[in-house]
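If you're matching them up, the sequences are chains A and B in order. Residues in the first sequence are numbered consecutively from 448, following the working numbering. Residues in the second sequence are numbered consecutively from 7, following the working numbering. Just so you know, even glycine gets a beta-carbon here, dropped at the ideal spot from N, CA and C.
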Amino acid sequence: MKKISELDLPDDIRYAEDHEWARLEGDKIRTGIDDYAQDQLGDIVFVELPQVGDTFKKGEEFATVESVKAVSECYLPVGGEITAVNTALEESPELVNKSPYGDGWFVEVKLNDPSELDALMTNKDYLEKLKGAE
Amino acid sequence: MKEPLGATGLMLNEPLLWEKGKKGRCAFSLPRRDVEPRPLDRELTGEGPDFPDLSEVDIVRHYTRLSQWNFGVDTGMYPLGSCTMKYNPKTNEKQASLPGFTGAHPLLPADLCQGALRMMFELEQYLAEITGMDAITLQPAAGAHGELCGMLLIHAYHKSKGSQRSKIIVPDTAHGTNPASAALFGYRPVPVTSNEQGMLSPEAVAELMDEDTAGIMVTNPNTLGLFEENIREIAEIVHSKGGLVYCDGANVNAVMGIVKMGETGVDVMQLNLHKTFSTPHGGGGPGSGPVCVNKHLEPFLPVPRVVEENGKYALSENYPESIGKLQAFHGSFGVMIKAYSYICSMGPENLKKASQLAVLNANYVKEKLKGTLHLPYDRPCMHECVFSDKDQAADNVTTLDMAKRLMDYGFHPPTIYFPLVVHGAIMVEPTETESKENIDQFIEAFKAIAREAGQSADLLHGAPKNCKVKRLDEVTAARKPCLAG
Numbered sequence: 448m449k450k451i452s453e454l455d456l457p458d459d460i461r462y463a464e465d466h467e468w469a470r471l472e473g474d475k476i477r478t479g480i481d482d483y484a485q486d487q488l489g490d491i492v493f494v495e496l497p498q499v500g501d502t503f504k505k506g507e508e509f510a511t512v513e514s515v516k517a518v519s520e521c522y523l524p525v526g527g528e529i530t531a532v533n534t535a536l537e538e539s540p541e542l543v544n545k546s547p548y549g550d551g552w553f554v555e556v557k558l559n560d561p562s563e564l565d566a567l568m569t570n571k572d573y574l575e576k577l578k579g580a581e
Numbered sequence: 007m008k009e010p011l012g013a014t015g016l017m018l019n020e021p022l023l024w025e026k027g028k029k030g031r032c033a034f035s036l037p038r039r040d041v042e043p044r045p046l047d048r049e050l051t052g053e054g055p056d057f058p059d060l061s062e063v064d065i066v067r068h069y070t071r072l073s074q075w076n077f078g079v080d081t082g083m084y085p086l087g088s089c090t091m092k093y094n095p096k097t098n099e100k101q102a103s104l105p106g107f108t109g110a111h112p113l114l115p116a117d118l119c120q121g122a123l124r125m126m127f128e129l130e131q132y133l134a135e136i137t138g139m140d141a142i143t144l145q146p147a148a149g150a151h152g153e154l155c156g157m158l159l160i161h162a163y164h165k166s167k168g169s170q171r172s173k174i175i176v177p178d179t180a181h182g183t184n185p186a187s188a189a190l191f192g193y194r195p196v197p198v199t200s201n202e203q204g205m206l207s208p209e210a211v212a213e214l215m216d217e218d219t220a221g222i223m224v225t226n227p228n229t230l231g232l233f234e235e236n237i238r239e240i241a242e243i244v245h246s247k248g249g250l251v252y253c254d255g256a257n258v259n260a261v262m263g264i265v266k267m268g269e270t271g272v273d274v275m276q277l278n279l280h281k282t283f284s285t286p287h288g289g290g291g292p293g294s295g296p297v298c299v300n301k302h303l304e305p306f307l308p309v310p311r312v313v314e315e316n317g318k319y320a321l322s323e324n325y326p327e328s329i330g331k332l333q334a335f336h337g338s339f340g341v342m343i344k345a346y347s348y349i350c351s352m353g354p355e356n357l358k359k360a361s362q363l364a365v366l367n368a369n370y371v372k373e374k375l376k377g378t379l380h381l382p383y384d385r386p387c388m389h390e391c392v393f394s395d396k397d398q399a400a401d402n403v404t405t406l407d408m409a410k411r412l413m414d415y416g417f418h419p420p421t422i423y424f425p426l427v428v429h430g431a432i433m434v435e436p437t438e439t440e441s442k443e444n445i446d447q448f449i450e451a452f453k454a455i456a457r458e459a460g461q462s463a464d465l466l467h468g469a470p471k472n473c474k475v476k477r478l479d480e481v482t483a484a485r486k487p488c489l490a491g
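Next up, the structure:
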């Protein structure tokens, strides 16, 4: 497993307590799980995603990931309507391990309230939090 | 024995039966036909199944070989936490194969199967005495089926009070099947976090418990191997809001004849005969998950129930509030005989002693290994103890690596990565049937593995080395499963 200092935590995205990330793209955000989460879970073998049109509040369970170790729930970092899901994960769940912020994204969400995005952590805050939990 | 348990020997390969078969070979002979041949209706005939032609010795060697590659409680220590892989005494099998039992048809009239009915009736009574509960159903097929039965009983109870509730509280130290069974039934499981001591706190339950909550599902002892010390207080909170307490009794091996579950506030609980009562577990199954209830839930138990009058036994459907049938017939009957045999051969004192020894053995393992492996909850445990791989993280060695390496030393690995509340969990349940010598060997093996982790991590990453099948590619197996030969 990676040491905290080896984690890839880009500065153009925001981070949630439960290790999901969110990136603003126009009036939508993309989200997935971050490098820390994919590394801790290990090889991901299955991702269950919601359907386009589903709506969730901030912090609601929207997806589950299954790794060789465990099944974990994922919580939507911001509330809104699902406008797209990454269907490539059906056949290739390993994309989450290979490229958590790129090809391994989970869903695209139309934001209800943009201030919810601002409330998420920056990469610096998130790094501090991870160090604190060590 | 001075030598280490794990060794290598001549390991023979074995082809699939289809590769072994040769047209015309046969392993049985039919009695001579004494009636005229009659052609079958064409609708009833067709291509036969694709079975290979084999001689008797081919078949015997094939399955003997497969069993030699296998590992079970008859070959060695199997400390699989939460599964209670205790030894299955052979007398159980002998009793279960008595012709009076094996020949009995489940639809026999009561007059012709008094022995079978009496065995079921008495087993219910024994289980009630061991757990301190009032009434039992033997129908559920295994633990999770028992949980579902418990949910049906809780629902029936609330319905009889004219109420309909939608939620159920499930702690993070419960068995994973608990929230699944509740959700399958239609209740919404509400998670509650255990405290720093790995215990459920009454405050946390009080915060969640309301009049829309049907009750709580507590695994006691819990999956950290700890006894829920606040269970009485928690039960009072749940009862005060009209809810019921379900106890997952999968871990009863720690408390047989010691804890009266009814007096701790438990209203309904399942037992796993294939864990606590020494019937085969896993591939040797099937399971059996009797459900025990307190008096106020008895009217709802599944039918038919075995009843006794003046020494005569009968099956009765006369319980108008019953949740109905859970099984085509009476449950895993053969398994019940084995549990009955175990209870009779042990007797009350020895059952209690089995629990005491199970707890003693687990505490011995915990104390002996706590300097070698990280022990997240350092307090007296029940029948199992939970370590983690935290101390090996610096060597880049994980729980999985150590578990795999343990096979090379001749032991079945413990349960790993469960319970989820412990990161990299290693859950050891030695059971009462292992001697001190066996447990010492297990402890020494784990210490040797921890030394190897510091010196040659690669050895662990590649383990097991001595098994027929080496390190499996679990990732590809899960991502691209091959479900047919």
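Residue range A431 to V434 is occupied by the beta strand (DSSP E) that includes B/A431, with no alpha helix (DSSP H) assigned at that position.
When 9 Å is used as the limit between beta carbons, A/A517 is near these residues of chain B: Y423, F424 and L426, in chain order.
Put simply, the CB of A/P540 is near chain B, with a gap under 9 Å to one of its CB atoms. Per DSSP, B/Q170 lies in no alpha helix (DSSP H) segment and is marked neither H nor E. Secondary structure remark: continuous alpha helix (DSSP H) runs of at least 4 residues inside the segment 478–511 of chain A, in chain order: 482–488. Under the criterion of beta carbons closer than 8 Å, B/Y193 and B/I174 qualify as touching, at roughly 4 Å. Sequence-distant Cβ neighbours of B/T183 in its own chain, meaning closer than 7 Å and more than five residues away, are G149, A150 and E153. Under the three-state reduction of DSSP output, B/Y370 falls in the helix class. In the three-state reduction of the DSSP assignment, B/Q398 falls in the helix class, which pools H, G and I. At a cut-off of 9 Å between C-beta atoms, B/T404 counts as an interface residue with respect to chain A. For A/E537 and A/P524, the gap between their C-alpha atoms comes out near 22 Å.
The Cβ atoms of B/S88 and B/E435 lie closer than 9 Å to each other.
Proximity of the segment 128–144 of chain B to the segment 297–311 of chain B meets the contact definition, three or more beta-carbon pairs being nearer than 8 Å. The beta carbon of B/P470 lies closer than 8 Å to those of K410, R411, M413, D414, K476 and R477 in the same chain, with the five residues before and after it left out. If you compare the alpha carbons of B/D384, B/Y423, B/F452 and B/P386 with that of B/F417, the shortest gap goes to B/F452. In this structure, B/T219 keeps its C-beta atom at 9 Å or more from the C-beta atom of B/T179. The C-beta distance from A/V499 to A/I476 rounds to 15 Å, too long to meet the 8 Å contact threshold. A straight line joining the alpha-carbon of A/L564 with that of B/E217 spans about 36 Å. The beta carbon of A/V518 sits closer than 7 Å to those of T511, all from its chain and outside the five residues before and after it, given in chain order. One alpha carbon belongs to B/S246, the other to B/H302, and they sit about 16 Å apart. For the 9 Å CB-CB criterion, B/L279 and B/V341 form a contact. The beta-carbon separation of B/Y346 and B/M125, rounded to 5 Å, stays under the 8 Å limit for a contact.
Under DSSP, B/L465 shares a beta bridge with no residue. Residues of chain B whose Cβ lies closer than 8 Å to the Cβ of A/V492 are, in chain order, V481, A484 and R485. Distance from the Cα of B/A484 is smallest, within the candidate group A/Y483, A/P561, A/A463 and A/E513, for A/E513. Counting along the chain, the unbroken beta strand (DSSP E) around B/Q276 starts and ends at V274 to L277.
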